[in-house]
Structure formats: structure tokens, C-alpha cells
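Working notes for the structure below.
Number of protein chains: 2
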Amino acid sequence: MGKGLLIVVSAPSGCGKGTILSEVLKNDSFFYSVSATTRAPREGEVNGVNYHFLTKEKFEELIASDGMLEYAQYCGNYYGTPRKAVFDKLEEGKDVILEIEVQGAMKIKERCPEAMFVFILPPSLGTLKERLLKRGTETMEVIEKRVGEAAREIEAAYKYDYVIVNDDLQTAVDDFITAVKAEKMTVKRSEKTIDGVLGK
Amino acid sequence: MGKGLLIVVSAPSGCGKGTILSEVLKNDSFFYSVSATTRAPREGEVNGVNYHFLTKEKFEELIASDGMLEYAQYCGNYYGTPRKAVFDKLEEGKDVILEIEVQGAMKIKERCPEAMFVFILPPSLGTLKERLLKRGTETMEVIEKRVGEAAREIEAAYKYDYVIVNDDLQTAVDDFITAVKAEKMTVKRSEKTIDGVLGK
Numbered sequence: 250m251g252k253g254l255l256i257v258v259s260a261p262s263g264c265g266k267g268t269i270l271s272e273v274l275k276n277d278s279f280f281y282s283v284s285a286t287t288r289a290p291r292e293g294e295v296n297g298v299n300y301h302f303l304t305k306e307k308f309e310e311l312i313a314s315d316g317m318l319e320y321a322q323y324c325g326n327y328y329g330t331p332r333k334a335v336f337d338k339l340e341e342g343k344d345v346i347l348e349i350e351v352q353g354a355m356k357i358k359e360r361c362p363e364a365m366f367v368f369i370l371p372p373s374l375g376t377l378k379e380r381l382l383k384r385g386t387e388t389m390e391v392i393e394k395r396v397g398e399a400a401r402e403i404e405a406a407y408k409y410d411y412v413i414v415n416d417d418l419q420t421a422v423d424d425f426i427t428a429v430k431a432e433k434m435t436v437k438r439s440e441k442t443i444d445g446v447l448g449k
Numbered sequence: 250m251g252k253g254l255l256i257v258v259s260a261p262s263g264c265g266k267g268t269i270l271s272e273v274l275k276n277d278s279f280f281y282s283v284s285a286t287t288r289a290p291r292e293g294e295v296n297g298v299n300y301h302f303l304t305k306e307k308f309e310e311l312i313a314s315d316g317m318l319e320y321a322q323y324c325g326n327y328y329g330t331p332r333k334a335v336f337d338k339l340e341e342g343k344d345v346i347l348e349i350e351v352q353g354a355m356k357i358k359e360r361c362p363e364a365m366f367v368f369i370l371p372p373s374l375g376t377l378k379e380r381l382l383k384r385g386t387e388t389m390e391v392i393e394k395r396v397g398e399a400a401r402e403i404e405a406a407y408k409y410d411y412v413i414v415n416d417d418l419q420t421a422v423d424d425f426i427t428a429v430k431a432e433k434m435t436v437k438r439s440e441k442t443i444d445g446v447l448g449k
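Quick note, the sequences are listed as chains A and B, same order. Here our numbering = 1-based position in the first sequence + 249. Here our numbering = 1-based position in the second sequence + 249.
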């Protein structure tokens, strides 16, 4: 098999992406790429786990030396994907998961068109709204806004390779792993296998 | 899900395609498309199971009325894929398997580009030769010829969507089912799912 697969995963918030990925990541063949940021750690956040917390100077140094696969500025802070860890793990044969929002994913698509793009969907916008309501942590106004944002984000799903509907958690986890396995059987990723059989 | 998937499966002889498919077909969601032919039934062959045995007149009538999805002549007999059964079963939501050689598969690709194309590979040409030798039913000359033919057929694998290596039977069966499941999650086959989530 040789090198691993770069897997870019997006989903509107409230779709259970985090839960799905933490289940998937129990499988040793996957590696989760931790983002870098210049924002200050919040209480309980651990450097290298939640984010790589970098100084602005270090972050800009990495941008300048092409050390970021993609990055963006948000509320005056940088957020990005450090390139080295991703490529090292791919080289080791790990399947590297980048959890990233839609704009970042499209930047990755330009730079790494060979990556696999997975979008996680809620069963419907109605279900998403219900889930957010059940949490009971946000006002109706905020929830309405988030559902509207989700709808805009889901418009980008058409540009991904696979969609997984998170109706049932275990099914969604199985679907994710199924898609990764099948992606490796696609002819575009198996030319060396065919060459090998033919002794080329 | 609505309509089923048309799955075209090719493999050189000796790759265990028949065994894999008979395992896959234990699953009710699949339907095996039986070919039609004008050749005479051999001893033990059952009409509608091994082939639909047709007269030359009936076969040519079907060709004329576009009733064959593809057909070819071989040793003076017609062989082909009756269109109606395939489309009826797809409409019912079954995943329809066409077991067909490379030329026929490429004809299907022209007419039904939305089909899924799967090529089953032996682990190597050496393994294929060993398997044919073990059967002990053919002379070395015939075996050499069949391995040469297999190599030519495998060259067509690059034009398929998925390759499955039949090293271990159960793994190959699982891989086949995995590929079918994942294919249904591809965005190109899930546009209606995304539309549905967005309430379009």
C-alpha cells in the first residue's frame, strides 16, 4: 500500500463530526492532524492536543517557509494546518485526517487534489435544529443563525468526494471506514497494484 | 436510495470471480443478470440459470429492438445482456451484477457510463498459473496460453473504477461489498441526498 491517504473532513457544527472522528481514531491506522493557532489557549486546552499554540512570529515564519498546508485569519488570529506532521505520517503509511471547514478544505483541494474529501451531513436541517435545541445551551436566535450557516456550508458538499449522513453514530463511523477502504481500491489509487500483478 | 447500482464485473478466468460473486449474491440486495446466448445448452445447463437460451431469430429480434445492452458473436453464436431484466431490477432498487468480459464491459461503459466497473485481479500472474496447475485439468501449453490471455485482459483493468485482489476469498467478498457501499456514498451518486438535507 505504501503511503497513506490524506482525508479532509468537513461538517457544519452540530453534525457529530467530533464524535465520529474520535471513534474512527480508535483505529491505529489513522492519525489526526492537530491544527496550529496563534490564539491563546482556553482553560483546559492542551498544547499539541487541542491545538499547537504558536506565537504570531513562529506562525508567520512557517507561512513564509511553506510550512502551512493552508491557513486563515479569524478574529485577528491565525489558524492553519502544519504541513510537516501531515506528510511525515502519510509517509509512514498512516491515513491522516484533517478536520477543517469548507474554505480550508477547498484550499487543500487545490494543493493536494489527491486527497479524499468527506462531508458529514445531518439527516436534515430540521434534525440539526432539534439537536441544537436539545443541548439547551443556546438561544433560539443563535440556533436559527447556526442552522442558516449549516445550510450555506452544506452547499459546498457537492464539491466533496463522499457524503456521510450522521443519523446513527455507529453507522456513520462504519460508513467512514468503508469509504476509506473503498477509496484505496479505486483504480486511480491502485495503478501500482495492477502494475505489480503484471510484473511491470 | 431509490434506484439500484449497475455493477459490471470482469476478471480473467482462474481469478475466482464466480466464487466471489456467488458469495456476494447470498445478499438479497443483489441481482445477477443472466446472459442470453444462441448456443445449444450443454449437459446440466438450465435455461434462465446458466443462460437464457434463445433462438437466433429471437436474439436478432432483440438486437433490432434495442433489447440487448451489449452483445457479441463468438464461434458463430450470439452472446449478450438482455436489457429489460437489468433495468427492471435497477428500478426495484436492486444492485444488478453483470459478469462480463472486457470488450463487453467497455460497450456497457459507453452506453451506461453511470455503471460501476469492478475488476478482480489475481495476486500475481505467478499465483494464477499455480492455481491453474493445481486444478490439473489442463496441459501446460493451455495454461501458458491462459496466463498470457489473463495478462492481456488485466491491461484493461486501468479503465475500471475499482480493483479487488482475490488473495483470500472472504476478504475479496468483503472488499466487493465495501466498494458497493462506498460507491453509494460518493457525491456523484448522493446529490439527491444533499438536496434532501437542504430541503431542495
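Using N, Cα and C, we set each Cβ at its ideal position, and we do this for glycine too. Just so it is clear, the structure is predicted and the values come from calculations on it, not from any experiment.
So is residue i in contact with chain A if we call contact Cβ pairs under 8 Å?
i	result
Met355 of chain B	no
Thr386 of chain B	no
Asp424 of chain B	yes
Ile403 of chain B	yes
Leu374 of chain B	yes
Leu447 of chain B	yes
Ile392 of chain B	no
Ala400 of chain B	yes
Below 7 Å CB to CB, which residues in the same chain sit around residue i once its five sequence neighbours on both sides are set aside?
i	result
Ser262 of chain A	Arg395
Ala334 of chain A	Ser282
Phe279 of chain A	Val273, Lys343, Asp344 and Ile346
Asp438 of chain A	Here the sequence assigns Arg to residue 438 of chain A, which means Asp is not the residue at that position. The answer, listed in chain order, is Glu432.
For residue i and chain B, any beta-carbon pair shorter than 8 Å?
i	result
Val295 of chain A	no
Ala260 of chain A	no
Met365 of chain A	no
Ala406 of chain A	yes
Met389 of chain A	no
Asp232 of chain A	An answer regarding residue 232 of chain A cannot be provided, because it is not within the stretch 250 to 449 covered by chain A.
Leu274 of chain A	no
Lys430 of chain A	yes
Leu370 of chain A	yes
Ile413 of chain A	yes
Val436 of chain A	yes
Thr427 of chain A	yes
Thr442 of chain A	yes
Ser439 of chain A	yes
Between residue i and residue j, is the Cβ-Cβ spacing less than 8 Å?
i	j	result
Thr435 of chain A	Asp410 of chain B	yes
Ala321 of chain A	Tyr300 of chain A	no
Val412 of chain B	Leu370 of chain B	yes
Ile346 of chain A	Ile256 of chain A	yes
Asn326 of chain A	Thr388 of chain A	no
Leu381 of chain A	Ile392 of chain A	yes
Leu377 of chain B	Ala399 of chain B	yes
By Cβ distance, which residues of its chain are closer than 8 Å to residue i, with the 5 residues on each side in sequence left out?
i	result
Glu319 of chain B	Gly329, Thr330, Ile349, Gly353, Lys356, Ile357 and Arg360
Pro290 of chain B	Asn296, Asn299, Tyr300 and Phe302
Lys252 of chain A	Leu339, Glu340 and Gly342
Val351 of chain A	Ser259, Glu402 and Ala405
Ile426 of chain A	Val273 and Asn276
Ignore the nearest five residues each way along the sequence and tell me which others in residue i's own chain have a CB closer than 6 Å to its CB.
i	result
Phe368 of chain B	Ser259, Ala406, Tyr409 and Val412
Asn415 of chain A	Cys264, Gly265, Ile369 and Ala421
Phe308 of chain B	Thr287 and Tyr327
Leu254 of chain B	Asp344 and Met365
Lys305 of chain A	Thr287
Residue i by DSSP, collapsed to three states: which one?
i	result
Glu306 of chain A	helix
Thr386 of chain A	coil
Leu318 of chain B	strand
Thr287 of chain B	coil
Asp444 of chain A	helix
Ser271 of chain B	helix
Val255 of chain A	Val is not the amino acid found at residue 255 of chain A; the sequence shown has Leu there. Strand.
Asp416 of chain B	coil
Glu348 of chain B	strand
Tyr328 of chain B	strand
Ala409 of chain A	A small correction: the amino acid at residue 409 of chain A is Tyr; Ala does not occupy that position in the sequence shown. Three-state result, Tyr409 of chain A: coil.
Val298 of chain B	coil
Met250 of chain A	Its pLDDT being 36, under 50, Met250 of chain A is placed unreliably in this model, and the value from its coordinates should be taken loosely. Coil.
Just to check, is the beta-carbon of residue i closer than 7 Å to a non-hydrogen atom of the ligand NAD?
i	result
Tyr409 of chain A	For the ligand NAD, the structure offers nothing, since it holds no ligand at all.
Check whether the region 346-362 of chain B touches the region 309-316 of chain B, counting contact only when three or more Cβ pairs, one atom from each stretch, lie closer than 8 Å.
Using a Cβ-Cβ distance cut-off of 8 Å, the region 346-362 of chain B and the region 309-316 of chain B are not in contact, since fewer than three pairs of beta carbons, one from each stretch, lie closer than that value.
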